[in-house]
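Anchor point for the sequence shown: position 255 equals 260 in this note's numbering, and the numbering is continuous, going up by one each time.
Down below is the structure, laid out as structure tokens.
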Amino acid sequence: MSAELVSLNTASLYDALNDVPEGFEGPNRYVHVIGTSVFVDDRLEDDAWPTLFIGMLDGEGWWAVDVPRGDDPSYGAAADLFTHFAGVSEAEWLLAGRAVQTVEWLRTHRYCGRCGAETVPSDGERGLKCPTCELVVYPRVAPAMITLITRGEPGPDQEALLARGVRFPRPMYSCLAGFVEPGEDLEGAVVREVKEEVGVDVDQVRYVGSQPWPFPHSLMVGFRVNYVGGDIVCEEAEIMDAQWFRKDDLPMIPPEISIAGKIIQQWLAE
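Next up, the structure:
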């Protein structure tokens with residue numbers, strides 16, 4: 006059994022680049038990162054602020070700008086990424102998220118983790134290099150699996166296991182998710198995380214897509230799995246509640262800003 010992909014394919018939306026294309030003299034857009042919020046403008050507020058080139062969209066060069074603590078070029082108009090999503094295109098939102106991730110990396114790797122010396126840009130790559138011990142660090146990307154568990158034959162009576170996380174601010178139910186551990190493949194992470202979080206066994210792990218998730222630096226890798234057996238037993242530190250739901254009796258689910266929302270909508274449309 007296979008599942009249709011839900012990925013957008015970022016390469017079809019914008020060009021993710023680390024360097025300005027040779028000869029480019031076109032207009033630019035600047036994503037000012039204020040804390041974890043963003044303010045996008047066609048001019049750079051202060052030439053002294055650190056900037057990183059992040060890509061091209063519709064003939065414009067896009068830059069991430071690290072706004073120093075205490076400064077606000079937006080005069081209060083900056084928006085967090087969830088709010089920003091409502092007013093821009095998918096490509097613009099992805100670039101804003103790329104800006105937040107790269108600025109967060111720049112802020113948290115100013116000094117070498119091995120010897121403590123101040124880092125400098127590494128020539129020819131998106132890296133920060135220690136001039137003393139030559140350790141190079143790259144933007145952090147933390148892979149995490151996210152999966153929808155279903156049981157029963159496809160159709161109106163099929164059920165999906167959805168869970169409410171302890172950190173959810175609203176009574177929303179979603180797919181199960183968890184980070185991949187060292188020495189583990191994605192499929193193994195799916196089986197392990199499901200067992201740890203809700204106590205059930207699954208098989209037939211099928212990839213359905215991925216999504217960069219800049220909160221602060223995850224890559225969500227989506228899957229569908231089949232229920233094999235076991236009763237729901239929630240990991241209380243992570244899961245507040247988990248239940249089986251029919252398509253005609255769903256609780257509040259995530260919007261399609263997230264891959265979780267896309268995977269659930271895919272199941273509903275089958």
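Cβ coordinates follow ideal geometry from the N, Cα and C atoms, glycine included.
Note that the structure is a prediction, hence the values are computed from the model and not measured.
Residue i vs residue j beta-carbon contact at 9 Å
i      : j      : result
Arg251 : Leu153 : no
His222 : Arg119 : no
Ala104 : Trp54  : no
Val36  : Val70  : yes
Val196 : Val207 : yes
Leu111 : Leu86  : no
Leu224 : Ala101 : no
Val199 : Leu181 : yes
Leu273 : Leu167 : no
Ala16  : Leu62  : no
Asn231 : Thr107 : no
Arg34  : Asp52  : no
Glu50  : Asp76  : yes
Continuous alpha helix (DSSP H) stretch holding residue i: start and end
i      : result
Phe228 : Unbroken run through Phe228 is the beta strand (DSSP E), 223 to 234; no alpha helix (DSSP H).
Arg197 : 191 to 203
His37  : His37 -> not in any alpha helix (DSSP H); beta strand (DSSP E) instead, spanning 33 to 39.
Ala101 : 95 to 113
Leu86  : 86 to 90
Own chain partners of residue i with C-beta closer than 6 Å, once the 5 adjacent residues on each side are dropped
i      : result
Ser79  : Phe44
Lys267 : Val11, Glu261
Cys138 : Arg119, Cys120
Contacts around residue i, its chain only, beta-carbon distance under 7 Å, and the 5 residues preceding and following it disregarded
i      : result
Met245 : Arg169, Gly170, Val171
Tyr143 : Arg131, Gly132
Glu240 : Glu201, Glu202
Three-state class that DSSP yields for residue i in the structure shown
i      : result
Ile244 : strand
Lys267 : helix
Leu140 : coil
Phe220 : coil
Trp54  : coil
Leu255 : coil
Leu273 : helix
Ala16  : helix
Ser127 : coil
Glu65  : strand
Glu27  : coil
Leu133 : strand
Ala21  : strand
Ser79  : coil
Met6   : Confidence at Met6 is low in this model, with a pLDDT of 49, below 50, so the placement of that residue should be treated as unreliable; the coordinate-derived value is given next. DSSP places Met6 in coil when its eight states are reduced to three.
Neighbourhood of residue i by C-beta, 8 Å cutoff - its chain only, sequence neighbours within 5 removed
i      : result
Asp162 : Arg251
Ala242 : Val171
Asn14  : none
Phe173 : Ser179, Met245
Euclidean distance between Cα positions of residue i and residue j
i      : j      : result
Val238 : Glu202 : 8 Å
Gln270 : Ile258 : 9 Å
Val11  : Gly121 : 43 Å
Pro32  : Asn23  : 17 Å
Ser4   : Gly188 : Residue coverage of the chain in this structure runs from 6 to 275, which leaves residue 4 outside it and unanswerable.
Ser42  : Phe58  : 18 Å
Glu123 : Val141 : 12 Å
Ala84  : Gly92  : 10 Å
Asp236 : Arg131 : 47 Å
Ile264 : Tyr116 : 34 Å
Leu18  : Trp98  : 11 Å
Gly183 : Glu192 : 12 Å
Glu5   : Glu164 : Outside the shown range of the chain (6 to 275) lies residue 5, about which nothing can therefore be said.
Thr113 : Val205 : 38 Å
Trp249 : Ile39  : 41 Å
Residue range of the unbroken beta strand (DSSP E) whose run includes residue i
i      : result
Phe44  : 42 to 46
Met150 : 147 to 156
Glu164 : 164 to 170
Leu49  : It is not in any beta strand (DSSP E) - Leu49 carries neither H nor E in the DSSP assignment.
Gly183 : 181 to 184
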